[in-house]
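All remarks here apply to the structure that follows.
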Amino acid sequence: MVFVTVSGAHLYGFPSPDSDYDLRGVHVLPIRDVVGLDIGTETIEVSEDRDGVQLDLVTHDINKFFRLLLKKNGYVLEQLYSPLIVHTTPEHAELKEIAQGCITRHHSHHYLGFAETEWKLLNKENPKKIKPLLYLYRVLLTGIHLMRTGKVEANLEYLNRVFKLPYIPELISRKLAGAEKSILEDADMAFHDKEYVRLRAELEKASEDSKLPDHPSSKEALNDLLVRVRLRPVSS
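The structure is reproduced here in structure tokens:
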């Protein structure tokens, strides 16, 4: 393993007491599994209960993860830069430096698409709940922050220290309070509809104004790291 970090609600800052732990990481297939006719398992998924805690682990082989980094994929950036680290290595630290050159203005498309999906899912619900709304705001604010700063931040509470949206703390509190307070009223939805449109436009504007590059510049460095990791064991 190159690294394993925590993603999902724990990373986003609003886990419920019974929330699963979403673990994400990168593994390294042995050379015999990448040079032969049969390629080894690029993605491994494991779900199990440990002492009453549900763990969901998904890891990608280093080659697949690097290919995803070179695309406008916000998921892998958030996994890589998650501050909730279960396992790390010197290669993890090196990768975080290299991956700064993979961040482009086109990552805004990931967050715009993700937000649109969350909004559609929310509107299909009956009754409508706070959880998908929090995911929607988290996605939009992460995208705007990334376009403006080039930094990956997925924690909604931290993001709101920057954006200062007065309704975010209340939404988080209601979500953590349980099912009884997690339902949205029609009047609430009218307000959040306007906020969704406003923040989506803000993300589009942030992308247009961003100083981030149009294309990643780290392909050669990623290739060098990939070759080195394939040819020798990952440092402990």
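Residue numbers (this note's numbering): -11 to 224. Think of the CB as a built atom: it goes at the ideal place given N, C-alpha and C, for glycine as much as any other residue.
- Ranking Leu25, Glu173, Leu100 by CA distance to the CA of Glu113 puts Glu173 first.
- Comparing alpha carbon positions, the residue from Ile27, Lys163, Cys90, His94 closest to Lys207 is Cys90.
- The residues His94, His95, His97, His98, in chain order, have a CB closer than 6 Å to that of Lys60 in the same chain once the five nearest residues on each side in sequence are set aside.
- In the same chain as Thr105, and ignoring 5 residues on each side of it, no C-beta atom comes closer than 6 Å to its own.
- For Val215, the enclosing alpha helix (DSSP H) has its first and last residue at 207 to 219.
- In the three-state DSSP reduction, Phe179 falls in the helix class (H, G or I).
- The beta-carbon distance between Ser(-5) and Gln67, rounded to whole angstroms, is 6 Å. This is short enough to meet the 8 Å contact definition.
- By the Cβ criterion, the stretch 137 to 146 is not in contact with the stretch 27 to 34, since fewer than three pairs of Cβ atoms, one from each stretch, lie closer than 8 Å.
- The stretch 77 to 89 makes contact with the stretch 210 to 223, as at least three CB pairs between them are under 8 Å.
- Between Leu11 and Leu43, the gap from beta carbon to beta carbon is short of 8 Å.
- The shortest CA-to-CA distance from Ala189 to any of Leu128, Phe(-9), Ile118 is the one to Leu128.
- Per DSSP, the beta-bridge partners of Ser35 are Asp44.
- Using a 10 angstroms sphere on the CB of Arg186, the tally of other CB atoms stays under 16, which defines it as exposed.
- Leu153 sits in coil when the DSSP states are folded into three classes, being neither helix nor strand.
- When secondary structure is reduced to three states using DSSP, Val16 falls in the coil class, being assigned neither helix nor strand.
- Under DSSP, the beta-bridge partners assigned to Thr(-7) are Arg12, Ile73.
- The beta carbons of Lys117 and Met177 sit no closer together than 8 Å.
- For Lys112, the enclosing alpha helix (DSSP H) stretches over residues 95 to 112.
- For Val(-10) against Val14, the beta-carbon gap comes to about 4 Å, under 8 Å, which counts as contact.
- A distance below 8 Å between beta-carbons, with the five flanking residues on each side excluded, links Asn148 to the following residues of its chain, in chain order: Leu129, Ile156, Pro157.
- Apart from sequence neighbours up to five positions away, the residues of its chain that approach Phe53 with a beta-carbon distance below 7 Å are Val14, Val64, ordered along the chain.
- Residue state for Lys117 is assigned as strand, using DSSP reduced to three classes.
- DSSP, read as helix, strand or coil, puts Ile86 in helix.
- Ranking Arg55, Tyr9, His48 by CA distance to the CA of Asp37 puts Tyr9 first.
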